[in-house]
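Keeping their order, the protein sequence lines are chains A and B.
If you read the first sequence in numbering that gives the first Met the number 0, its first letter stands for residue 0, the second for the next number, and so on.
If you read the second sequence in numbering that gives the first Met the number 0, its first letter stands for residue 0, the second for the next number, and so on.
Idealized CB from N, CA, C, for every residue including glycine.
Just below is one structure, and these are the notes that go with it.
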Amino acid sequence: MNLTRWYAKAMLTNGSLWFWAVAFMAMWLGIGAFLESQGVGTTRSAIVAYTTSWYAVIVLIALSLLAAVISGSYAYGSSALAYAFRYSRLTPAGYLASLVGGSALVGLVLNVVLLGATAGMFGLRFSTTLLPADPIALVGVSLLGGVFFMALSSTLALLAINHLGLRSGDFVGYVPLVLAFVLGNGQVYVAFPRWFVYGSPFNDLTSLLYQGFSGNSATVELGTAAVSLGWVPLLLGMLVWTAALVGCTLVLLRRIRSRNLEERRQI
Amino acid sequence: MLDVRGLKVTFAGATTPALRGIDLRLDQAKMVVVGANGSGKTTLIRAVLGLVPPTAGSIAVDGKDVRTIRGAAGLSTNLAEIYRLMSLPVRDLVRLFALLKGGEPAEMEGHLRAFELDPVLGKRLYELSTGQQKLVGDLFAVCFGPRLVLLDEPFDNVDFARRRRLVGLLRALPADILLNTHELELLGSFADWQLGLMFEGQLLGPFSVAELDRLYLTRGDVPEALAVLRTSVGPFSVTRDAGDRPVKSATSLTALVESLA
Numbered sequence: 000m001n002l003t004r005w006y007a008k009a010m011l012t013n014g015s016l017w018f019w020a021v022a023f024m025a026m027w028l029g030i031g032a033f034l035e036s037q038g039v040g041t042t043r044s045a046i047v048a049y050t051t052s053w054y055a056v057i058v059l060i061a062l063s064l065l066a067a068v069i070s071g072s073y074a075y076g077s078s079a080l081a082y083a084f085r086y087s088r089l090t091p092a093g094y095l096a097s098l099v100g101g102s103a104l105v106g107l108v109l110n111v112v113l114l115g116a117t118a119g120m121f122g123l124r125f126s127t128t129l130l131p132a133d134p135i136a137l138v139g140v141s142l143l144g145g146v147f148f149m150a151l152s153s154t155l156a157l158l159a160i161n162h163l164g165l166r167s168g169d170f171v172g173y174v175p176l177v178l179a180f181v182l183g184n185g186q187v188y189v190a191f192p193r194w195f196v197y198g199s200p201f202n203d204l205t206s207l208l209y210q211g212f213s214g215n216s217a218t219v220e221l222g223t224a225a226v227s228l229g230w231v232p233l234l235l236g237m238l239v240w241t242a243a244l245v246g247c248t249l250v251l252l253r254r255i256r257s258r259n260l261e262e263r264r265q266i
Numbered sequence: 000m001l002d003v004r005g006l007k008v009t010f011a012g013a014t015t016p017a018l019r020g021i022d023l024r025l026d027q028a029k030m031v032v033v034g035a036n037g038s039g040k041t042t043l044i045r046a047v048l049g050l051v052p053p054t055a056g057s058i059a060v061d062g063k064d065v066r067t068i069r070g071a072a073g074l075s076t077n078l079a080e081i082y083r084l085m086s087l088p089v090r091d092l093v094r095l096f097a098l099l100k101g102g103e104p105a106e107m108e109g110h111l112r113a114f115e116l117d118p119v120l121g122k123r124l125y126e127l128s129t130g131q132q133k134l135v136g137d138l139f140a141v142c143f144g145p146r147l148v149l150l151d152e153p154f155d156n157v158d159f160a161r162r163r164r165l166v167g168l169l170r171a172l173p174a175d176i177l178l179n180t181h182e183l184e185l186l187g188s189f190a191d192w193q194l195g196l197m198f199e200g201q202l203l204g205p206f207s208v209a210e211l212d213r214l215y216l217t218r219g220d221v222p223e224a225l226a227v228l229r230t231s232v233g234p235f236s237v238t239r240d241a242g243d244r245p246v247k248s249a250t251s252l253t254a255l256v257e258s259l260a
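Put into structure tokens, the structure is as follows:
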């Protein structure tokens, strides 16, 4: 049973997602394009590198906001899921497949919108045309990114629901966002070792987005000798993490417990 | 078919159990369970739905343990939380649950029209009034060919005209029904149904709603008792045709017990 279109519709009509993952992120792109860009060189390569860095980190954070929305929806839907798996034709595997499809689609939509905002604002600022070098690769990375963040937020939310309670659910909803913010920005400003980037799905995703937009390999260990990152290990890293988290989500979904929303107490 | 045996539920951190050894069998039958707020009626339904884990005892639906049951689309309920699978307008939820239950959306849409609830189709559940939410849950519960329907206070916040229409719908529904209510004055509409009395987590019965006029509550554990209620202030016996107070004379079972204590 495929509920992908229902799930995609529910996510794409979520006002909170559009505000935080699109409008708020577009505002940051505007800051990057018009306020923070004073010291950027005038060469094409410098402009592309600067623009792409902003684009990659912003898309990473936008996808992590999608994760926060998905995480919150588990708190409201735990009883519905526990019931539906028993007393309807919905299975945990079918539901997860729908989540995979829906989140991949929403990941793509977020990326396309932010790609347009990046190209428009940075192109205007630098008076040049800035289009992605490999749009097909960006489509694939967007789809994968949506699924990765769905699986990460689902695993964390279901761990909280099944074992900790909804008060912890509030906290774990922010974990993907915090990690995306720290690791995404960290890759720009800190010389992460290559093994760390390959092993971190957040940095795999940022690096793949960078490569897809600029057409150049992302590099690490800035300040010493710049070393290019290969797209194959980056993609492999993403795939392994995503597959592992999807597997965890399925195991946890099969054991989902009903939680009373009132557990989410006010201060 | 619902078969509940020795069901006990104690919530984490609670000092007293919410359900104390419930035995209930519903097979080709409709039952009203009457009890005050907090007596355990909703917990019983939530346990059957698999939303509350039993501390002891067993619950089987069509012979299958609810802890492991899967794909049993014939059981439905009106609990609003069940329909929060996704944040969608009611129109989409109708289509979604028709798909999940193997029914036709037109059935639910027809009921919504009959109850003059068409305007809710474009709204999300949280945008509905309390009464509208309750009715939408009630109508979901009776749609898509259920064989066992669990209704928790289905008349709460529902206006008189729609209550009458809902009563007619429930009476005509070809399914087993377990209906919880704390409103004794509604029982006249269900004279041919079974009656259960819920008090402090104990379910007494089944009696017949038609014999409600003949049921009395008597302090103590009397020999001719149909059932005995064990309360924190001692035992009370349900007797037929004679006793301390007629059950029907009270607005609730709690009030009745308190008047005898």
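**Q.** Which residues DSSP lists as bridging N13/A, in chain order
**A.** N13/A is not bridged to any residue.
Q. In chain order, what residues of the same chain lie with their CB nearer than 8 angstroms to the CB of Y215/B, ignoring the 5 residues before and after it?
A. The beta carbon of Y215/B lies closer than 8 angstroms to those of V237, T238, R239, D240, A241, G242, D243, R244, P245, V246 in the same chain, with the five residues before and after it left out.
Q. Taking a cut of 8 angstroms between CB atoms, which residues from the stretch 76 to 106 of chain A lie near chain B?
A. Here the close residues are G76, S78, A79, L80, A81, Y82, A83, F84, R85, Y86, S87, R88, L89, T90.
(Q) Would you call the stretch 109 to 123 of chain B in contact with the stretch 50 to 62 of chain B, where contact means no fewer than 3 C-beta pairs closer than 8 angstroms? (A) No: fewer than three Cβ pairs fall under 8 angstroms.
Q.
If you reduce the DSSP assignment to three classes, tell me which class Q132/B lands in.
A. Helix.
Q. In chain A, which residues lie with their C-beta within 7 angstroms of the C-beta of E80/B?
A. Here the neighbours are S78, A79.
Q: Just the chain A side, please: which residues come within less than 7 angstroms of V65/B by C-beta, in chain order?
A: Those within 7 angstroms of V65/B in chain A are R85.
Q: Note the first and the last residue of the continuous beta strand (DSSP E) segment covering R90/B.
A: Note, R90/B: premise wrong, no beta strand (DSSP E); alpha helix (DSSP H) at 89 to 100.
Q.
Let's test the definition: count the other Cβ atoms within 10 Å of the Cβ of F33/A and tell me whether it reaches 16, buried, or not, exposed.
A. Label assigned to F33/A: exposed.
Q. Looking at the C-beta of N161/A, does it have a partner C-beta in chain B at a distance below 8 angstroms?
A. Contact with chain B is absent for N161/A, since none of that chain's Cβ atoms lies less than 8 angstroms from the residue's Cβ.
Q) Name the chain B residues that come within less than 7 angstroms of Y6/A, Cβ to Cβ? A) Among the residues of chain B, those whose CB is under 7 angstroms from the CB of Y6/A are M85, following chain order.
Q) List, in order along the chain, the chain A residues whose C-beta lies closer than 8 angstroms to that of K100/B? A) In chain order: S87, R88.
Q) Ends of the beta strand (DSSP E) at F191/A? A) Note, F191/A: premise wrong, no beta strand (DSSP E); not H, not E.
Q. How about L238/A and G144/A: are their beta carbons less than 8 angstroms apart?
A. Their beta carbons are not under 8 angstroms apart, which means L238/A does not touch G144/A by this criterion.
**Q.** is_contact[L19/B, chain A] using C-beta, thresh 8 angstroms
**A.** First, the amino acid is wrong: residue 19/B is Arg here, not Leu. R19/B does not count as touching chain A.
Q.
Helix, strand or coil for K122/B? Go by DSSP, reduced to three states.
A. Coil.
(Q) Would you say G70/B lies against chain E (beta-carbon separation less than 8 angstroms)? (A) Looking at the structure shown, chain E is missing, and the protein chains on hand are A and B.
Q) Counting pairs of beta carbons, one from the stretch 15 to 34 of chain B and one from the stretch 218 to 228 of chain B, are three or more of them closer than 8 angstroms? A) Fewer than three beta-carbon pairs drawn from the stretch 15 to 34 of chain B and the stretch 218 to 228 of chain B are found closer than 8 angstroms, and the two stretches are therefore not classed as touching.
**Q.** Contact between the stretch 83 to 103 of chain B and the stretch 36 to 43 of chain B (3+ Cβ pairs under 8 angstroms)
**A.** Too few Cβ pairs lie closer than 8 angstroms, so no.
Q) CA-CA distance, L59/A and L124/B? A) Straight across, the Cα-Cα distance linking L59/A with L124/B is about 32 angstroms.
Q | Assigned secondary structure, P91/A (DSSP; H/G/I helix, E/B strand, else coil) | A | Here P91/A sits in helix by DSSP.
Q) Looking at chain A, which residues of the stretch 32 to 62 of chain B have a Cβ within less than 9 angstroms of any of its Cβ atoms? A) Answer set for the stretch 32 to 62 of chain B: R45, L48, G49, L50, V51, P52, V60.
Q. What three-state label does DSSP hand N77/B in the structure shown?
A. Residue state for N77/B is assigned as coil, using DSSP reduced to three classes.
Q. What does F235/B pair with, by DSSP beta-bridge criteria?
A. According to DSSP, which records beta bridges pairwise, F235/B is partnered with R218/B, L228/B.
Q: Would you kindly report the start and end of the unbroken beta strand (DSSP E) that includes R45/B?
A: Looking at the DSSP string, R45/B is not in any beta strand (DSSP E); the run it does join, the alpha helix (DSSP H), is 40 to 47.
Q) How long is the line joining the alpha carbons of L95/A and R254/A, rounded to whole angstroms? A) Between L95/A and R254/A, the C-alpha separation is close to 13 angstroms.
Q) Under 8 angstroms between C-beta atoms, does D175/B make it to chain A? A) Answer no: the Cβ-Cβ gap between D175/B and chain A never drops below 8 angstroms.
(Q) For the structure I just gave you, are there three or more beta carbon pairs, one from the stretch 191 to 200 of chain A and one from the stretch 113 to 120 of chain A, closer than 8 angstroms? (A) By the Cβ test, the stretch 191 to 200 of chain A is not in contact with the stretch 113 to 120 of chain A, since fewer than three Cβ pairs between them sit closer than 8 angstroms.
Q | Separation of I44/B from Y73/A, as counted between CA atoms | A | C-alpha separation (whole angstroms): 22 angstroms.
Q. Mind pulling the chain A residues with CB within less than 7 angstroms of D22/B?
A. Simply none; closest approach about 22 angstroms.
Q: Return helix, strand or coil for F18/A, following the three-state DSSP convention.
A: Looking at F18/A - three-state DSSP - the assignment turns out to be helix.
**Q.** V171/A and A150/A closer than 8 angstroms at C-beta
**A.** Contact flag unset, no.
Q | Through-space distance from L172/B to A160/B, alpha-carbon basis | A | Near 19 angstroms, if we compare the C-alpha coordinates of L172/B and A160/B.
Q. Which whole-angstrom value is the C-beta distance of A71/B and D61/B, which I expect to be below 8 angstroms?
A. Going by Cβ atoms, the distance from A71/B to D61/B rounds to 6 angstroms, so yes, they are a contact pair.
**Q.** Closest Cα partner of T12/A within the set P131/A, L129/A, L109/A, L28/A
**A.** T12/A has its Cα closest to that of L109/A, out of P131/A, L129/A, L109/A, L28/A.
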